[in-house]
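Using my numbering, you'd call the opening residue of the sequence shown number 32 and step up by one each time.
Just so you know, even glycine gets a beta-carbon here, dropped at the ideal spot from N, CA and C.
Quick notes on the structure that follows.
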Amino acid sequence: MKDAQFLSEVYAASYRRLVTGMCALCGDKGAAEEIVQEAFVRALAARTDFRRVDNPEAWLRRVAINIHHSRWRRMQKLASLYRKGARAAEVASQIPETDTDHVMLVEALRRLPTSQREAIALHHFMDLSVSETAATLGVPEGTVKARLARGRAALAERLQDIEEVRHAQR
């Protein structure tokens with residue numbers, strides 16, 4: 032099998048899952064698509080080495096997360112403004128398969144610390160185990176478990192607050 036065909040097969044099998052996970056991580060469908068596409072560009076640039084990796088999707092996921100971190104570091108001021116001003120309608124147009132509950136979830140995810148958001152996105156949206164999440168993030172499994180627990184608790188609290196507001200508006 033040629034390098035281009037191998038990359039096409041990996042793309043077909045992984046692209047949607049990677050975009051969904053990155054969207055959960057960064058909260059913006061367009062940015063998630065760009066990040067994943069950049070990861071595939073880097074795989075294409077290193078195609079001979081890329082074919083030799085044990086788990087191509089894991090490699091792409093790690094590269095995508097690194098790209099996301101780099102973008103975030105370069106654009107901290109813009110990101111803080113963006114986090115403050117996102118409205119539900121804007122969010123709905125940026126994420127795949129939106130419904131009201133999904134929009135509220137993404138808004139709540141945006142308010143989590145990056146470390147918790149990453150753990151939740153990898154574990155729950157990309158269906159990685161705790162050990163795979165730990166390996167991807169380069170942290171111990173206990174750290175991932177703690178981030179998941181704190182992140183889920185914060186999400187539950189934020190989503191409960193949103194649900195109370197929705198109930199009061201009825």
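Counting only the Cα atoms, Val-41 lies some 7 Å from Glu-88.
Counting along the chain, Ala-166 sits inside the alpha helix (DSSP H) bounded by residues 161-168.
In the displayed model, Asn-97 falls within a helix according to three-state DSSP. By the C-beta criterion, the region 140-156 is judged not to be in contact with the region 67-74, since fewer than 3 inter-stretch pairs fall below 8 Å.
Ala-35 is the residue among Lys-60, Ala-35, Ile-66, Ala-55 whose C-alpha sits nearest the C-alpha of Thr-79.
Judged by beta-carbon spacing, Arg-189 lies beyond the 7 Å limit of Gly-58, meaning their Cβ atoms are not closer than that value. Collapsing the DSSP output to three states places Gly-58 in coil. Here Met-157 carries a coil assignment [DSSP, helix/strand/coil]. Contact between Val-175 and Val-161 holds: CB atoms are separated by about 5 Å, below the 8 Å threshold. Sorting Arg-104, Ala-77, Gly-52 by C-alpha distance to the C-alpha of Val-67 places Gly-52 at the top.
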